[in-house]
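One structure below.
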Amino acid sequence: MSKRFIIAAVALVVLLASNAAAQQWKRYIPEAQRKEVYKKATVNTGLSAKFISKVNARVLWVTDEVARAIVSDMLDKKYVSATDADSEYFDLRPFSHFLFYLFIKVDKKTLWGPLDQQAFSLYKASDPTNRLSSGEVREAAFKTGVKEALDLEFEVKKGRQYVALVPRKNASGKPVINDLNEEPNAMFSLQGKEVFLKFKINELVTQVKDL
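Counted the way our numbering counts, the sequence shown spans residues 1332 to 1542.
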C-alpha cells in the first residue's frame, strides 16, 4: 500500500469524522435545505425598482431557522467548531431585538446613498401610520463565515450589506408581534424614497418566539 494512498485515506477519515461532528449539533440544518430557509425569510423590492431606480434591495429576517442555517454552513466549512456553534447561533439571535440583513445593489449613482437614513421600522400591515417598532440600520461587514454562508444566495461580495436591529417590545414593554397571522411591513428609506416590504409571519415561523 503506497504512502500516498494511506495519507489520502487518513484525510478522508478525518473529514468524515469532522462532518459527522458538525451534523450532531442539535440545531444543524442540512445544506440541501438552507436555500429554502433563506428564501422564505426574504422579501425584496422586485423588478420594478430595479428597472426604474436601478437599485435592488433584499431584506432577510434572521429567524431561528436562518441563524441555524448560517451556523450549519459555518460548521461545514470549518469556520466554527461544534463546541462554539451555540455561541455563534446566539450571536445571531439578540434577546431584545429582531435582526435583519439588507443586501443592496445599485446600478446607477444618485445624490443619495443606497440608504439615506439610518431608520428601519416595522409597521402594522396596510397602515403606514401605525409604527410597531423602530430601530437603526447601518452598513456592516459580515464576519468571516457569515459572509461565505450567505454569498451564494445573496451575492454578498457584489453589493453592500447592512444590519438592522429592531426592538422586540414597544415603549410600553409589550411585544410588537403577538400572532402568527400578522403581516408587518419593514420600512426603510432607499435612495430618497420610503420602501415598505411585507413579511407574512406564518410563512416565516411556526412560533412567534422563533422570529
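Here a beta-carbon is modelled for each residue, glycine too, at the ideal position from N, C-alpha and C.
For residue i, which residues of its own chain have a beta-carbon under 6 Å away from its beta-carbon, when the five flanking residues on both sides are left out?
{"i": "Thr1373", "result": "Arg1389 and Leu1391"}
{"i": "Lys1436", "result": "Asn1387 and Gly1490"}
{"i": "Asp1541", "result": "Thr1394 and Asp1395"}
To the nearest angstrom, how far is the alpha carbon of residue i from that of residue j?
{"i": "Asn1461", "j": "Tyr1420", "result": "32 Å"}
{"i": "Gly1476", "j": "Ala1517", "result": "26 Å"}
{"i": "Arg1365", "j": "Ala1456", "result": "28 Å"}
{"i": "Tyr1410", "j": "Lys1531", "result": "32 Å"}
{"i": "Ala1416", "j": "Trp1356", "result": "8 Å"}
{"i": "Gln1522", "j": "Val1468", "result": "14 Å"}
{"i": "Lys1529", "j": "Gln1354", "result": "34 Å"}
{"i": "Val1487", "j": "Lys1478", "result": "7 Å"}
{"i": "Glu1484", "j": "Glu1362", "result": "12 Å"}
{"i": "Ser1503", "j": "Asn1509", "result": "14 Å"}
{"i": "Ala1471", "j": "Gln1492", "result": "6 Å"}
{"i": "Glu1513", "j": "Lys1474", "result": "32 Å"}
{"i": "Glu1525", "j": "Phe1434", "result": "16 Å"}
{"i": "Leu1376", "j": "Val1397", "result": "Looking at the sequence itself, residue 1376 is Thr, so the reference to Leu does not match. Taking the straight line joining both Cα atoms gives about 20 Å."}
{"i": "Lys1381", "j": "Ile1360", "result": "For Lys1381, the predicted structure reports a pLDDT of 46, less than 50, and the residue's modelled location is therefore unreliable. The matter cannot be settled from this model."}
{"i": "Thr1414", "j": "Gly1466", "result": "32 Å"}
{"i": "Ala1495", "j": "Asp1422", "result": "14 Å"}
Which same chain residues end up closer than 7 Å to residue i when comparing Cβ atoms and leaving out the 5 residues on each side of it in sequence?
{"i": "Ala1480", "result": "Ile1401, Asp1404 and Met1405"}
{"i": "Lys1371", "result": "Glu1534 and Leu1535"}
Ignore the nearest five residues each way along the sequence and tell me which others in residue i's own chain have a CB closer than 8 Å to its CB.
{"i": "Lys1500", "result": "Ser1427, Ser1464, Pro1506 and Val1507"}
{"i": "Ala1539", "result": "The question names Ala, but residue 1539 in the sequence shown is Val. Excluding positions up to five away in sequence, the list reads Pro1506, Ile1508, Asn1509, Asp1510, Leu1511 and Ile1532."}
Just to confirm before moving on: does the CB-CB distance between residue i and residue j stay below 8 Å?
{"i": "Arg1358", "j": "Arg1424", "result": "no"}
{"i": "Tyr1454", "j": "Val1393", "result": "no"}
{"i": "Val1497", "j": "Phe1527", "result": "no"}
Between the Cα of residue i and the Cα atoms of the options, which residue gives the shortest distance?
{"i": "Asp1395", "options": "Leu1430, Lys1408, Ser1412 and Asp1407", "result": "Leu1430"}
{"i": "Leu1511", "options": "Val1536, Thr1376, Lys1474 and Phe1451", "result": "Val1536"}
{"i": "Asp1458", "options": "Ile1360, Pro1515, Leu1542 and Gln1538", "result": "Pro1515"}
{"i": "Tyr1369", "options": "Asp1482, Ala1495 and Asp1422", "result": "Asp1482"}
Can you name the residues that DSSP bridges to residue i?
{"i": "Arg1469", "result": "Val1494"}
{"i": "Met1597", "result": "Outside the displayed range of the chain (1332 to 1542) lies residue 1597, so it cannot be described from this structure."}
{"i": "Tyr1432", "result": "Leu1391 and Val1494"}
{"i": "Asn1375", "result": "Arg1389"}
{"i": "Leu1463", "result": "DSSP, once it has assigned bridges, lists no residue as partnering Leu1463."}
Check whether chain B comes within 8 Å of residue i, counting only Cβ atoms and requiring the distance to be less than that.
{"i": "Val1497", "result": "The question asks about chain B, but that chain is absent: this structure has only one protein chain."}
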